[in-house]
Every structure is written in C-alpha cells, then in structure tokens.
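Numbering (my numbering), first residue to last: 128 to 182.
Note that the Cβ used here is the ideal one computed from N, Cα and C, for glycine as well.
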Amino acid sequence: MYKIAVLAGDGIGREIVPQAVATLQKISKKFDIPLEFHEGLISEDAYNKYGHPLP
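So, in structure tokens, the structure goes:
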C-alpha cells in the first residue's frame, strides 16, 4: 500500500489537486496499485485552523 499526502494549498491547487487524485485513482485501479490518500491542510487553511501554515 502506497500512502500519499494530499495537500491542495491555495490558489490553483484547490482546482487541480482533485483532478490529480482522480487520475491517480484510475491508474491505481487499472494497474492494481494500492494507493491510500490522506488529505491535510497547508498554507492559509492550515494557518487559520492551527496557527501554522504547514501540517
């Protein structure tokens, strides 16, 4: 099992990261590669929630 941290961040990351995850999920299914995604906050979202911009 491969574990992948998903950190969209600010700006365009919020738009492209979900598409990248969807692409990786399709590849994972097609080639039987086990992937596990873990979402986290980074940048402004993390700062607003935790007081620090990094996870």
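Might you give, ordered along the chain, the residues of its own chain that have their beta carbon closer than 7 Å to the beta carbon of V148, omitting 5 neighbours on each side?
V133, F164
Please name the residue, chosen from G167, N175, G178, F158, that lies closest to R268 on a Cα-to-Cα basis.
Because the chain here runs from 128 to 182, residue 268 falls outside it and cannot be looked at.
Residues bridged to H165 by DSSP?
Partner(s): A132.
When DSSP labels each residue in this structure, what does P145 get in the three-state scheme?
helix
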